[in-house]
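Chains as they are written, first to last, in this note's numbering: chain A, 104 to 383; chain B, 104 to 383. Just so it is clear, CB atoms sit at the ideal spot from N, CA and C, and this is done for glycine as well. Take a look at the structure below.
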């Protein structure tokens, strides 16, 4: 499976669409993965009622990506702000198949809320059944950003037959954050995702935003989008700048690893009950 | 919390006891962690009925470690082969408190069984409730070797208040294994454990055997015992040789991280039900 991830610095919807179109045209791959809230600024830096307006682009953006998929014969994973009903808004990733059809969507299940990332104000947590999205190139285990810190989600996707995990993401640090600490957080962010590949023996793609957004309380999205194999080894990684990276993923490596170390054979579902409790 | 891990090359029970005694005497720490099947050869390299005899040392070895703990005012984590009843044998870690009393024990829950590691032949999987062991120095989340590949176990220990995760281990490669592959496996073995610290925001100690055992089908236990902090950063690591390493663990770092990134607040216990299924 030939894949590309494209991390870019968001300036405006127009600029973003132009960049993505240009990039999609230049690629000869099966799958293009784009960052969280693909065609929007990261509006969750503030709690502001006016920002719900950004959901109005949902239908328009679906048309844009659908056309793009069909035109360039690409599976595309893009992320949108979805108004499902009055008062119910989701952070949603949509998978477009090569013919431009919607293969499926995934709504973010774990919603963060900490300084400068006020997402609980905007996003309703998904209650959809967790499952991979079937496409012409395989079963895509799409999850979103904060979900990546929860091994539970990767595990369920894998149990349900995901061939690969995919995390559109928007993570960064504040301009004044301690540089050493930020370095440690980036490392932890990579490690936790690599571990989902190791535990579930499937490859993974993580695509982050990059660049600075905001005038006050600037967020520096740290890029570092990467691909890792089914043993959690990073095979391609982007720097902290606008960049597309491409890679070829060997899906058969998963089968080999699952025979060497058959973790799934040995899961102790009879003693995992406490996983469904909040605290014990 | 001052901790030491001691990885040594097993020659005989007598030699092992002597080494451990000498080491315990020289340490000024709160906690000493020893490898899996501490005072035994790794007898699971073969399926041989005669090897059940190794369980006969259980009571004797408990006395040995109990005396050692008391003498040197140390919490000790040691691993034994326990015959619980006819036909029921466990791979068991025992925690001795500083006064020589048994603080608790943990029986291995996930039992591996692949070429040269024929553990299902010997060990009954534990059905005990998973919980950390209370000691005078904190709640120790003791798990054993193969358990380390299952994020479920670390999560339950953390939910139940473990201050630290501890993995006595016996993992290695065969003499003729591909060197590059072995290197990748060692890296994956470190990564999966670091991820348990990251996901659960508690530090971790992993203590492996080291050295070669066996005449035919030699296993090369790869050492690399390590300590990592609550963000999964390795703070001390041993090489592939007989070695004790010591470290000071700052338990307050866990509280800090849990306020910065409050993962436990956001667990979606309402959608994790599929974790209790084998396949879906």
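Asked, Found
"Status (buried if at least 16 other CB within 10 Å, exposed otherwise) for residue 235 of chain B", "buried"
"Neighbour flag for residue 302 of chain B against chain A, beta carbons, 8 Å", "yes"
"The stretch 360-380 of chain B: positions lying closer than 8 Å to chain A by Cβ", "363, 364, 365, 366, 367, 369, 370, 371, 372, 373, 374, 375, 376, 377, 378, 379, 380"
"Near-chain B residues of the stretch 330-358 of chain A - C-beta to any C-beta below 7 Å", "334, 335, 336"
"Nearest-angstrom beta carbon gap, residue 381 of chain A and residue 370 of chain B [assumed within contact, 8 Å]", "7 Å"
"Alpha-carbon to alpha-carbon, residue 295 of chain A and residue 331 of chain B", "14 Å"
"Beta-carbon contacts of residue 343 of chain B that lie in its chain and below 7 Å, excluding the five residues immediately before and after", "313, 325, 326, 327"
"Contacts of residue 265 of chain B in chain A (Cβ-Cβ under 7 Å)", "Under the 7 Å cutoff, chain A gives no residues; its nearest Cβ is about 11 Å from residue 265 of chain B."
"Per-residue DSSP class, three states only, for residue 240 of chain B", "coil"
"Contacting residues, own chain, Cβ-Cβ under 7 Å from residue 223 of chain B (five flanking each side not counted)", "214, 216"
"Residues that DSSP places opposite residue 385 of chain A in a beta bridge", "The question about residue 385 of chain A has no answer here: the residues shown for chain A are numbered 104 through 383."
"Below-8 Å beta-carbon distance, residue 208 of chain B vs any chain A residue", "no"
"Residue 229 of chain B: first and last residue of the uninterrupted beta strand (DSSP E) it sits in", "No beta strand (DSSP E) holds residue 229 of chain B; DSSP gives it neither H nor E."
"Endpoints, the beta strand (DSSP E) within which residue 167 of chain B is located", "Segment 161-175 is the alpha helix (DSSP H) holding residue 167 of chain B; no beta strand (DSSP E) there."
"Cβ-based burial, residue 115 of chain B [other Cβ within 10 Å; buried from 16]", "exposed"
"Within 8 Å, strictly: CB atoms of residue 172 of chain B and residue 180 of chain B", "no"
"Check whether residue 192 of chain A and residue 211 of chain A have beta carbons under 8 Å apart", "no"
"Delimiting residues of the beta strand (DSSP E) encompassing residue 135 of chain A", "134-136"
"Neighbouring residues, chain B, relative to residue 412 of chain A (Cβ below 8 Å)", "Past the boundaries of the shown model lies residue 412 of chain A; chain A is included only from 104 to 383, so the question cannot be answered."
"Segment limits, alpha helix (DSSP H) that includes residue 362 of chain B", "355-363"
"Unbroken stretches of the alpha helix (DSSP H), 4 residues or longer, contained in the stretch 316-340 of chain A", "none"
"Beta carbon of residue 272 of chain B nearer than 8 Å to that of residue 251 of chain B", "yes"
"Whole-Å CB distance - residue 277 of chain A paired with residue 320 of chain A, under 8 Å assumed", "7 Å"
"Cβ-Cβ distance between residue 299 of chain B and residue 254 of chain B below 8 Å", "yes"
"Proximity test, Cβ basis, 8 Å: residue 220 of chain A and chain B", "no"
"Minimum length 4: unbroken alpha helix (DSSP H) runs contained in the stretch 233-298 of chain A", "254-262"
"Length of the line joining the Cα atoms of residue 163 of chain A and residue 203 of chain A", "14 Å"
"Neighbour-count burial assignment, residue 305 of chain A, 16 or more Cβ in a 10 Å radius", "buried"
"CB contact check: residue 382 of chain B to chain A, cutoff 8 Å", "yes"
"Closer than 8 Å to chain B by CB, residue 291 of chain A", "yes"
"Close-in-space but distant-in-sequence residues of the same chain around residue 335 of chain A (CB under 6 Å, 5 per side omitted)", "297, 300, 301"
"Residue(s) in a DSSP beta bridge with residue 208 of chain A", "A:197"
"Chain B within 8 Å of residue 253 of chain A, Cβ atoms only", "yes"
"Anticipated Cβ contact below 8 Å, residue 136 of chain A with residue 310 of chain A, distance rounded", "5 Å"
"Reference residue 134 of chain B, options B:269, B:318, B:275, closest by Cα", "B:269"
"Residues bridged to residue 347 of chain A (per DSSP)", "A:109"
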